[in-house]
Amino acid sequence: MIRVAVPSLIVLGVLVGLSTHMVVNCGDEDDPDICSAVIGFSPLRGSLIAFAYEGRGRIALRHSDWRRAIADFDEAIHLNPNRASLYRDRALARRQNGDLELAIADYDEAIAHDPRLAAPYHQRGLALAATGDLDRAILSYNTAIRLDPSDAQTRLDRGLSYLARGQADDARADFEAALALPAGKDGRTREAARARLAELASAEPTQVAAPRR
1 MIRVAVPSLI
11 VLGVLVGLST
21 HMVVNCGDED
31 DPDICSAVIG
41 FSPLRGSLIA
51 FAYEGRGRIA
61 LRHSDWRRAI
71 ADFDEAIHLN
81 PNRASLYRDR
91 ALARRQNGDL
101 ELAIADYDEA
111 IAHDPRLAAP
121 YHQRGLALAA
131 TGDLDRAILS
141 YNTAIRLDPS
151 DAQTRLDRGL
161 SYLARGQADD
171 ARADFEAALA
181 LPAGKDGRTR
191 EAARARLAEL
201 ASAEPTQVAA
211 PRR
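In UniProt numbering, the protein residues as written are 1 to 213.
This is the structure we're talking about:
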C-alpha cells in the first residue's frame, strides 16, 4: 500500500507544481487563452489564481485592451487585495482609458501598499497633471525624484508642469537636469528636454543695448 501511495504523491506533487507555475507565469506568454485555461481548469483557487487574472490583464495592457485589462485586474484585486503591483497596473489601464480620477485612487492604493517605489508617484503625477491639478502633480513628482533622482523622464515631466504653471526658471532647471542625466533606453527624453529649452530660449526677450548719451 505504501509503495503505491508514494509514487502517487510524487505525481500529485509534480502536477501541483506545474499548475502553480502555469498560474503564476501565464502572463509571460502573449496568448490570453493560456491564462483563461488556467483560470478555468487549475485546481488552485483563491489568492493564487489572482496571478492568472493578473497575467491576462498584463497581456491586455500590451495589446491596449484597457477595458479587458481593468476587468481582469478588478478580479485579481478582489482575490488578492494586498499586492501593490495590481493597483499600479489597473491604474495604468484606467489612465489610458481616460478614467483619471479612478487611476489616481489606484496609484494612492499602490503607494499605500508600497511607498518605497518611485514609479507610482511619477505615474500619479502624470494623471494629476492630466486633470489640471498641477500643484499635486508637482508634489508627486517631487517624491518620485527624491526616491529615484536618476530618472530623467520624471524631471522632464515635472518641468512641463512647472512650465504650465508659468514657472519658467523652475522648468528650465528641470529640463537642464534631464539633459544631464543618463538617456536611458532611448534618447526621446533628452530630445524633448532640449526642445523645451530651445523654446524657452526663443521666448526670452531680446536684450536691447541702452542708447549712448
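Virtual Cβ for every residue (Gly too), placed ideally from N, Cα, C. Treat the numbers as computed from the prediction; the structure is a model and nothing was measured.
To the nearest angstrom, how far is the alpha carbon of GLY187 from that of LEU197? Looking at the two C-alpha atoms, the distance is approximately 16 Å.
Check whether the segment 167-176 touches the segment 124-136, counting contact only when three or more Cβ pairs, one atom from each stretch, lie closer than 8 Å. Counting C-beta pairs with one atom in each stretch, the segment 167-176 and the segment 124-136 have fewer than three that are closer than 8 Å, which means they do not touch.
So what's ASP108 in DSSP terms, helix, strand or just coil? In the three-state DSSP reduction, ASP108 falls in the helix class (H, G or I).
Are the beta-carbon atoms of PRO120 and ALA110 separated by less than 8 Å? In this structure, ALA110 lies closer than 8 Å to PRO120 by Cβ.
ARG90 to GLU204 span [Cα, whole Å]: Each residue's alpha carbon lies about 42 Å from the other.
Measure from the alpha carbon of THR131 to the alpha carbon of each residue in SER150, THR154, LEU102 and LEU117, then state which is nearest. Checked all of SER150, THR154, LEU102 and LEU117; the closest Cα to THR131 is LEU102.
Is the separation between the beta-carbon of ALA177 and that of ARG155 shorter than 8 Å? Result yes, Cβ atoms of ALA177 and ARG155 sit closer than 8 Å.
So for ARG136, helix, strand or coil by DSSP? Three-state DSSP puts ARG136 in a helix.
Alpha-carbon to alpha-carbon, ALA93 and residue 218: An answer regarding residue 218 cannot be provided, because it is not within the stretch 1 to 213 covered by the chain.
Here's the rule I'm using: 16 or more other beta-carbon atoms within 10 Å means buried, otherwise exposed. How should GLU54 be labelled? Counting Cβ neighbours within 10 Å, GLU54 comes out buried, since at least 16 surround it.
Applying the 10 Å Cβ sphere with the 16-neighbour rule, what's the burial state of SER161? When all chains shown are included, SER161 counts as buried.
Which same chain residues, not among the five before or five after ARG88, have their C-beta less than 6 Å away from its C-beta? These residues qualify, in order along the chain: ALA110 and PRO120.
Hey, how far is the Cα of ARG213 from the Cα of ALA164? In this prediction, ARG213 has a pLDDT of 38, which is less than 50 and means its spatial position is unreliable; nothing more can be read from the coordinates.
Report buried or exposed for GLU199, applying the criterion of at least 16 other Cβ atoms within 10 angstroms of its Cβ. So GLU199 ends up on the exposed side.
Grouping DSSP H, G and I as helix and E and B as strand, with all else coil, what is VAL14? Any answer about VAL14 is weak, because its pLDDT of 33 lies below 50 and its placement is not dependable; what the coordinates show is given next. DSSP places VAL14 within a helical segment (H, G or I) once states are collapsed to three.
Under 7 Å: does the beta carbon of LEU156 sit that close to some heavy atom of the ligand MN? Because no ligand of any kind appears in the structure shown, any question about the ligand MN cannot be addressed here.
Test item: CB-CB of GLN123 and TYR107 under 8 Å: Taking 8 Å as the cut-off, the Cβ atoms of GLN123 and TYR107 count as close.
Quick check: what's the CA-CA separation for ILE59 versus ALA201? Straight-line spacing of the CA atoms in ILE59 and ALA201 works out to 43 Å.
State buried or exposed for ARG56, treating a residue as buried only when at least 16 other CB atoms are found within 10 Å of its CB. Counting Cβ neighbours within 10 Å, ARG56 comes out buried, since at least 16 surround it.
Could you tell me the alpha carbon to alpha carbon distance between VAL11 and ILE39, rounded to whole angstroms? With a pLDDT of only 32 at VAL11, under the threshold of 50, the placement of this residue in the model should not be trusted; the figure read from the coordinates follows. C-alpha separation (whole angstroms): 22 Å.
Name the residue from GLY166, ARG116, ASN82 and ALA84 whose alpha carbon lies nearest to the alpha carbon of ASP148. Closest in C-alpha terms to ASP148, from the list GLY166, ARG116, ASN82 and ALA84, comes ARG116.
ARG190 and ALA152 look like a contact to me (Cβ under 8 Å); what is the Cβ gap, rounded to whole Å? Right, their Cβ atoms sit about 7 Å apart.
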